Amino acid sequence: MQMELISKLAIPGESKLVLLVFDGLGGLDNAGRGTALEAAAVPNLDALAKESVTGFHNPIGTGITPGSGPAHLSLFGYDPLRFPIGRGVLEALGVDFPLQKGDVPARINFCTIGPDGNITDRRAGRIPSEEGARVVQKLAENIRISGVEVSLRHVKEYRAAVVLRGEGLGGAIADTDPQAVGKKPLPPTPLQDTPENQKTAALFAEFLKQAEQILKDEPRANMLTLRGVDLFHPLPSFRELYHLTPASIAVYPMYKGVSRLAGMSVQEYGQDNPEQEFDILEKVWPDFDYFFVHIKKTDSYGEDGNFEGRIHVLEEVDALIPRLRALNPDVIAVTGDHSTPSPLKSHSWHPVPLMVYSKHCRADQVTAFNETALLQGGLGTIPGTSILPLMLANGLRMTKFGA
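Printed below as a string of structure tokens:
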């Protein structure tokens, strides 16, 4: 559904909308125990399903495994094929770097190389954040590249962000991570042969050359790779498109980044703790009318193959659902950004469970929130970009189309 059409139909209002996202929610059967949603005791989510219209969504398209960035853009109503966003942009915005149009950010992964220059650890032994921050500071104090401004920010553990600012830069540069140990970091290579990309590739090559010298005495983070290089272009504002005042409650930098990209007000708080997220939700409830609440660990445990961990997080958040219901939101959408089945230990292409509650939703006959039950849902399988207009409609935030 075209964003411009939804924007024309969207109207201001008093209703409150909540999007609760369990990252990597969708699953597969685990050794005959069903999916994590089926194995978990989630009576409050099941009760909400009885009052909701339910089904699944495809974040990108049928059979396509999405990354977290484009999957979240889809949830926010942006077509990820129309607005491709590099990981570097999300990492930079996630640590609140003030990107400007024309900047070229990239994600840094610190790594360990041996005497032969081959990578021995792609994540530098998962160095703690204190060590990562120190190494970033060391780079920032010593990197000097003529004709361009270089900014560095630590993100978390072995991850950081670098931003090039200058004239005539391009963003179509291949990753330098070879995705395997025993290989040398790849050279920055233009994906499109333009003067802008050639210039930027040369600048990143100089950056990597200097970084190798600066970091050569580090015991673990003695080199780095670049991922997700992109030329920054601001997105149309979520607030202006949909007449909403949005708040984002997410702890991980990348999800803060995609929220800032959409123009949401990112709420800062401490640890990755669902109870604390609901504390923040209650605190800021009077100040906003759209709330994005992000639960990360369902995805983390899925990628670790930790089925029990996924169950625990689902049950932990389920116990908090009465606090959400007590706020009396007009619309509640519960879903994931993609599927991360623990048997696969990775993102997958499987459609993602979804339910949308409101007084006007035309509830179906589904009585439980899990993959098997939702096969009977009234929504069927919809595009991820349809979730936002469905929420707006249920919140009486859209006028009719045509006379």
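The sequence shown begins at 101 in this note's numbering and counts up one residue at a time. Backbone N, C-alpha and C fix where the C-beta goes; we use that ideal spot for every residue, glycine too. All of these numbers come straight from a predicted model, not from anything done at the bench.
> Three or more C-beta pairs closer than 8 Å, one from the stretch 173 to 190 and one from the stretch 238 to 250: is that the case here?
Replying inline: Contact fails: fewer than three Cβ-Cβ distances are below 8 Å.
> For F338, which residues from the same chain have a beta carbon less than 7 Å from its beta carbon, with the 5 sequence-adjacent residues on both sides left out?
Replying inline: For F338, where only same-chain residues beyond five positions count, the Cβ hits under 7 Å are F176, L344, P346, A362, G363 and M364.
> Among the residues of its own chain, which have a CB less than 6 Å from the CB of A171, if the five just before and after it don't count?
Replying inline: Only P159, D437 and H438 meet the Cβ criterion.
> Taking DSSP as the reference, what is the three-state secondary structure of Y258?
Replying inline: coil
> Buried or exposed: R410, going by 16 or more other Cβ atoms within 10 Å of its Cβ?
Replying inline: By the neighbour-count rule (16 or more Cβ atoms within 10 Å), R410 is buried.
> Quick one: what does DSSP say Y457 is sitting in, helix, strand or coil?
Replying inline: Per DSSP, reduced to three states, the secondary structure at Y457 is strand.
> Which same chain residues, not among the five before or five after P180, have their C-beta less than 7 Å away from its C-beta?
Replying inline: I160, P170, L173 and S174
> Should I432 be labelled buried (16 or more other beta-carbon atoms within 10 Å of its own) or exposed?
Replying inline: buried
> Which parts of the stretch 233 to 258 are runs of the beta strand (DSSP E), unbroken and 3 residues or longer, counting only runs that do not cross its ends?
Replying inline: 249 to 256
> Counting pairs of beta carbons, one from the stretch 200 to 211 and one from the stretch 320 to 330, are three or more of them closer than 8 Å?
Replying inline: yes
>> Within 10 Å of its beta-carbon, does D330 have 16 or more other beta-carbons around it, so buried, or fewer, so exposed?
In response: buried
> Can you tell me where the alpha helix (DSSP H) with A280 in it begins and where it stops?
Replying inline: No alpha helix (DSSP H) contains A280, which DSSP labels as neither H nor E.
> At which residues does the beta strand (DSSP E) containing M323 begin and terminate?
Replying inline: M323 to R327
> Going by the CB atoms, is the gap between P374 and E416 shorter than 9 Å?
Replying inline: With a cutoff of 9 Å on beta-carbon distance, E416 and P374 are scored as near each other.
> For D293, does the count of other Cβ atoms within 10 angstroms reach 16, so buried, or fall short, so exposed?
Replying inline: exposed
> Would a C-beta distance cut-off of 9 Å place I164 and R497 closer than the cut-off?
Replying inline: no
> Secondary structure at Y390, three-state DSSP: helix, strand or coil?
Replying inline: strand
> Who does L125 pair with in a DSSP beta bridge?
Replying inline: S439
> For S400, which beta-bridge partners are listed by DSSP?
Replying inline: Answer is none; S400 lacks a bridge partner.
>> Between which residues of its own chain and V255 is the CB-CB distance below 7 Å, once the five residues before and five after are set aside?
In response: E191, G194, V195, A261 and P353
> Hey, A305 and P278 are a contact pair by Cβ (cut 8 Å); roughly how many whole angstroms apart?
Replying inline: Not confirmed; about 16 Å, so no contact.
> So which of S107, E114, Q102 and L119 has the shortest CA-CA distance to E377?
Replying inline: L119
> According to DSSP, which residues form a beta bridge with I395?
Replying inline: F122
> How many angstroms separate the CA atom of V121 from the CA atom of Y342?
Replying inline: 20 Å
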